[in-house]
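Have a look at this one:
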């Protein structure tokens, strides 16, 4: 499972062994125990990756091999590729910009996407 944590300053991407159902259940239980509202809904998330990353072609091949609709790649412009993911959004309110987005892809797609995202972050430093 991939977990994207969105904050005011950006987002963080993690790969977890836990299932989305387990994560959602734990978040709902936590919200109930602390008296906080929680919004859980199907959603999409999108972000940009530089088009010149080393293994982007491997991710493109994996997306073509994948029968599901959980991930899509599209050319944003000459320098960037847009990654769109389908999954589940969790936040304290439906209109919130802070929260968690979780999705499940093939193991290889998750590995490659995390590798590309980390490589892109290193390029920015």
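Residue numbers (the numbering used here): 319 to 443.
Yeah, the Cβ is synthetic: ideal placement off N, Cα and C, and Gly gets one too.
This one's a predicted model, so the numbers in the text were calculated from it and none came from an experiment.
For this session: Sort out for me which residues DSSP pairs residue 326 with in a bridge.
Result: One-based indexing of the chain shown puts residue 326 at position 8. BP columns for residue 326 are empty, so no partner.
Problem set entry | Sequence-distant residues of the same chain with beta carbon closer than 7 Å to residue 424, five excluded per side | Within the chain shown, numbered from 1, the residue matching residue 424 stands at position 106. Short of 7 Å from the beta carbon of residue 424, and not among the five residues preceding or following it, lie these beta carbons of its own chain, in chain order: 380, 384.
Problem set entry | Assigned exposure category for residue 328 - 16 Cβ within 10 Å defines buried | The sequence position of residue 328 within the chain shown is 10, counting from 1. By the 10 Å Cβ count, residue 328 comes out exposed.
Exercise. Looking at the unbroken alpha helix (DSSP H) that takes in residue 412, where does it start and where does it end?
Worked result: Translated into the one-based positions of the chain shown, residue 412 becomes position 94. If you look at residue 412, you'll find it isn't in any alpha helix (DSSP H); DSSP assigns it neither H nor E.
For this session: Could you give the DSSP three-state label for residue 382: helix, strand or coil?
Result: Numbered from 1 along the chain shown, position 64 holds the residue referred to as residue 382. The answer is helix: DSSP assigns residue 382 an H, G or I state.
Exercise. What did DSSP end up calling residue 371 once you bin it into helix, strand or coil?
Worked result: Locating residue 371 in the chain shown gives position 53, where the first residue counts as 1. Residue state, collapsed to three classes: coil.
Exercise. Taking Cβ positions only, does residue 425 come closer than 7 Å to chain D?
Worked result: The chain labelled as chain D is not found in the depicted structure, where only one protein chain is given.
Problem set entry | Given residue 374 as reference, the closest of 336, 337, 392 once Cα atoms are compared | Taking the first residue of the chain shown as 1, we reach residue 374 at position 56. Of 336, 337, 392, the residue nearest in Cα terms is 392.
Exercise. Who are the near neighbours of residue 406 in its chain, counting only those whose CB is closer than 8 Å to its CB and skipping five residues on each side?
Worked result: Sequence index remark: in the chain shown, residue 406 carries index 88 (1-based). 338, 342, 358, 359, 360, 361, 419, 420, 421.
Problem set entry | Per-residue burial, residue 369 [other beta carbons within 10 Å of its own, 16 or more giving buried] | For the purposes of this step, residue 369 is taken as the residue at position 51 of the chain shown. A residue is called buried when at least 16 other Cβ atoms come within 10 angstroms of its Cβ; residue 369 does not meet this threshold and is exposed.
For this session: Quick one: measure Cβ to Cβ for residue 410 and residue 340, integer angstroms, because I've assumed they're closer than 8 Å.
Result: Taking the chain shown and counting its residues from 1, one reaches residue 410 at position 92. Taking the chain shown and counting its residues from 1, one reaches residue 340 at position 22. Your pair residue 410 and residue 340 does not check out as a contact, with CB atoms roughly 20 Å apart and the cut at 8 Å.
Exercise. Quick one: what does DSSP say residue 399 is sitting in, helix, strand or coil?
Worked result: Counting from 1 along the chain shown, the entry for residue 399 is found at position 81. Here residue 399 sits in strand by DSSP.
Problem set entry | Span of the beta strand (DSSP E) around residue 423 | In the chain shown, counting from the first residue as 1, residue 423 sits at position 105. Premise fails: residue 423 is in no beta strand (DSSP E) and is neither H nor E.
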